[in-house]
Amino acid sequence: MEDLNQKLTHKHVSLFGLIIIFLIFGLFGLWAALAKIDLSVNAPGEVIVQSYKKTVMHPKGGIVSKIEVHEGDAVQKNQTLIQLDTNQLTSRLQEAKSNYEHLLAQKARIEAELHNKKDIEFPNDISEDIKKAERTIFQNRRTNLQNRLDDLKYQIKELKEAIQSYQTSLQYKQKLLDSYRQELQKWQNLFKEGLVDELKIYDLKRKINQVQGEIEALQSQIQQKKATIEELQNKMKLTISEYRKELLDTLKKDEMQLASLKSKIAIYKDELEKSSIKAPGNGVVVDMQVHSPGEVILPNRPILYIVPKNEKLIVEAKISPMDIDKVHVGQKAEIHFASYVDPSAKPVYGKVIYVSADVIKDPRDPRIQYYKALIEITPEGMRAIRENGFKVVPGMPVTVFIKAGQRTFLSYILTPLQQLLKGAFHAN
42 MEDLNQKLTH
52 KHVSLFGLII
62 IFLIFGLFGL
72 WAALAKIDLS
82 VNAPGEVIVQ
92 SYKKTVMHPK
102 GGIVSKIEVH
112 EGDAVQKNQT
122 LIQLDTNQLT
132 SRLQEAKSNY
142 EHLLAQKARI
152 EAELHNKKDI
162 EFPNDISEDI
172 KKAERTIFQN
182 RRTNLQNRLD
192 DLKYQIKELK
202 EAIQSYQTSL
212 QYKQKLLDSY
222 RQELQKWQNL
232 FKEGLVDELK
242 IYDLKRKINQ
252 VQGEIEALQS
262 QIQQKKATIE
272 ELQNKMKLTI
282 SEYRKELLDT
292 LKKDEMQLAS
302 LKSKIAIYKD
312 ELEKSSIKAP
322 GNGVVVDMQV
332 HSPGEVILPN
342 RPILYIVPKN
352 EKLIVEAKIS
362 PMDIDKVHVG
372 QKAEIHFASY
382 VDPSAKPVYG
392 KVIYVSADVI
402 KDPRDPRIQY
412 YKALIEITPE
422 GMRAIRENGF
432 KVVPGMPVTV
442 FIKAGQRTFL
452 SYILTPLQQL
462 LKGAFHAN
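When we follow my numbering, the leftmost residue of the sequence shown carries the number 42, and every step to the right adds one.
Put into structure tokens, the structure is as follows:
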């Protein structure tokens with residue numbers, strides 16, 4: 042009887058155990074079939090600002106003379122960040138300005154010479170030393186030209202006086218010739234009447250021929266002198282013409298050089314202005330590439346970055362190509378900051394506002410590919426950041442959990458088995 046009772050008791054206990062096991066598995070199966078669990082896509086990322094950080098570069102580069110800011114400094118727009126060495130540039134500018142001033146003064150002097158002015162009208166800001174030098178040149182050139190012209194005029198005057206003397210002699214010879222001809226006429230008439238012999242006639246003819254020769258010689262001398270006067274007058278014109286041509290040629294060269302120097306001066310001034318590298322906007326200095334005077338800045342290479350202040354913070358996440366089908370604009374996301382691990386902290390939420398259409402290759406390692414997603418921190422998320430005491434700055438690493446929907450636990454654990462069986466059937 043006692044053995045029978047023990048068997049019944051053991052049987053009851055086994056049955057009770059089976060019932061308990063059945064209930065546990067039944068309840069678990071029911072929970073697994075009905076209970077929903079949240080699915081999320083995990084992605085690494087970093088905090089950025091909506092307008093992105095501004096890169097500070099220099100178009101020509103140079104040698105660092107002075108560094109006005111340091112990593113983490115808050116700066117205002119147009120505040121000087123770095124001063125480049127300007128010694129060589131300043132020297133070039135001063136040389137160009139000096140040459141420009143000399144050419145301006147020379148141009149004023151040439152214009153005064155061309156218009157035959159008594160004095161030079163200099164533009165403003167010409168130094169007295171330069172004015173004095175140009176006035177000396179002006180007077181010397183003017184005196185030299187006048188002396189050359191006066192010498193030619195004197196030669197012409199002497200020739201004209203010689204001509205006048207020849208013309209006086211010519212008039213006398215012409216009257217003498219007329220007198221001899223009249224006398225010859227009378228003697229010829231007397232000879233015809235037989236009153237005189239022929240010797241007197243021969244003597245008069247000889248005198249007439251002699252005077253005619255002298256007249257022709259005087260006329261030739263007068264023509265030669267007139268030709269010489271014409272040559273000297275042409276020489277005067279040529280002297281003035283060459284003088285003016287030289288002035289005009291020099292003036293043209295001066296104007297071209299002035300235009301070139303004016304352009305150079307503007308370029309040098311612009312380069313001097315740009316030698317003070319200034320902040321493009323308000324923000325914080327980060328990622329400085331130069332740290333001490335004497336370093337060389339290369340053209341169009343990043344020097345430092347300015348992260349704008351008071352800009353809306355967003356997160357740039359890198360989505361795996363395996364998960365891109367689960368991510369779209371409008372999804373909620375939870376953001377975990379790697380710098381802050383506090384289980385009691387309030388969750389920081391955001392919203393997906395952009396997903397890139399094409400895959401992006403990592404410039405440092407082209408084998409790494411991802412899609413870019415931008416997550417905007419919601420007002421509630423910003424409030425949680427403030428309440429948690431988080432100091433969020435651009436560049437801070439984060440992990441993003443993008444809400445990708447819900448599934449039952451049973452579906453979640455059976456999916457791999459279903460895919461395995463599906464693959465097996467396809468293989469068969």
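Ideal placement from N, C-alpha and C gives every residue a C-beta, glycine not left out.
Here the structure is a predicted model, which means the values were calculated and not measured.
Backbone secondary structure at residue i - three-state DSSP
i, result
"Asp126", "coil"
"Leu179", "First, the amino acid is wrong: residue 179 is Phe here, not Leu. In the structure shown, Phe179 sits in a helix (DSSP, three-state: H, G or I)."
"Gly422", "helix"
"Tyr207", "helix"
"Arg222", "helix"
"Leu299", "helix"
"His143", "helix"
"Glu87", "strand"
"Glu287", "helix"
"Ile60", "helix"
"Tyr195", "helix"
"Lys402", "strand"
"Gly103", "strand"
"Arg408", "strand"
"Tyr381", "coil"
"Gln444", "The sequence shown places Lys at residue 444, not Gln. Residue state, collapsed to three classes: strand."
"Lys432", "coil"
"Glu112", "coil"
"Ala153", "helix"
"Ile161", "coil"
"Ser261", "helix"
"Ser282", "helix"
Close beta carbons around residue i, own chain, < 6 Å, minus the five adjacent residues each side
i, result
"Ala115", "Val325"
"Gln124", "Ser106, Lys107, Ser317"
"His377", "Thr440"
Closest by C-alpha distance to residue i, when choosing among the options
i, options, result
"Glu417", "Ile108, Ile355, Glu336, Leu218", "Ile355"
"Gly422", "Pro438, Asp366, Glu375, Glu199", "Glu375"
"Ala307", "Asp191, Leu134, Gln229", "Leu134"
"Pro349", "Ala320, Gln208, Lys387, Leu339", "Ala320"
"Ile365", "Ala414, Ser317, Ile338", "Ala414"
"Gly369", "Ala379, Phe378, His377, Ala358", "The question names Gly, but residue 369 in the sequence shown is His. Cα-wise, what sits closest to His369 is Ala358."
"Gln265", "Lys201, Gly103, His143, Gly235", "Lys201"
"Lys353", "Lys227, Pro420, Ser261", "Pro420"
"Gly335", "Asn83, Ser81, Lys95, Gly102", "Gly102"
"Ala398", "Arg405, Ile360, Phe378, Ile426", "Ile360"
"Gln208", "Glu239, His377, Glu257", "Glu257"
"Tyr284", "Arg189, Thr131, Ala137", "Arg189"
"Ile41", "Pro100, Gln223, Asn185", "Any property of residue 41 remains undetermined from this structure, which presents the chain solely from 42 to 469."
"Ile394", "Asp170, Ile443, Ile60", "Ile443"
"Ile104", "His332, Pro362, Lys286", "His332"
"Ser380", "Arg424, Asn429, Pro404", "Asn429"
"Ile171", "Leu193, Ser139, Tyr213", "Ser139"
"Ser81", "Leu225, Ile62, Ser261, Lys373", "Lys373"
"Asn83", "Phe431, Asp403, Pro404, Lys367", "Lys367"
"Lys315", "Arg408, Leu64, Lys276, Pro340", "Pro340"
Contacting residues, own chain, Cβ-Cβ under 7 Å from residue i (five flanking each side not counted)
i, result
"Asp328", "Leu345, Tyr346"
"Gln196", "Leu273"
"Arg342", "Met98"
"Ile167", "Glu142, Leu145, Ala146"
"Thr96", "Pro343, Tyr346"
"Ile426", "Val389, Val433"
"Ala137", "Leu302, Lys305, Ile306, Tyr309"
Cβ-based burial, residue i [other Cβ within 10 Å; buried from 16]
i, result
"Val337", "exposed"
"Pro435", "buried"
"Lys278", "exposed"
"Ile204", "buried"
"Ile401", "exposed"
"Tyr411", "buried"
"Tyr453", "In this predicted model, Tyr453 has a pLDDT of only 49, less than 50, meaning its place in the structure is not dependable enough to derive any value."
"Ile161", "buried"
"Leu211", "buried"
"Glu234", "exposed"
"Glu175", "buried"
"Leu130", "buried"
"Leu236", "exposed"
"Gly371", "exposed"
"Leu231", "exposed"
Own chain, CB closer than 8 Å to residue i, minus 5 neighbours either side, in chain order
i, result
"Ala229", "Checking the sequence shown, residue 229 turns out to be Gln, not Ala. Result list for Gln229: Ile242, in chain order."
* **Segment contact, 8 Å Cβ cut-off, at least three pairs: the region 285 to 304 with the region 143 to 151** => Result yes; three or more Cβ-Cβ pairs closer than 8 Å.
* Please determine if the region 199 to 219 and the region 240 to 257 are in contact, where contact requires at least 3 C-beta pairs separated by less than 8 Å. => At 8 Å Cβ cutoff, the stretches touch.
* Asked: When the Cβ atoms of the region 385 to 396 are set against those of the region 106 to 120, are three or more pairs found closer than 8 Å?
  -> No, they do not touch.
* Counting pairs of beta carbons, one from the region 79 to 88 and one from the region 432 to 443, are three or more of them closer than 8 Å? -> Yes: the two stretches touch, three or more of their Cβ pairs being nearer than 8 Å.
* Asked: Would you say the region 285 to 292 touches the region 151 to 159, given that touching needs at least three Cβ pairs under 8 Å?
  -> Yes, they touch.
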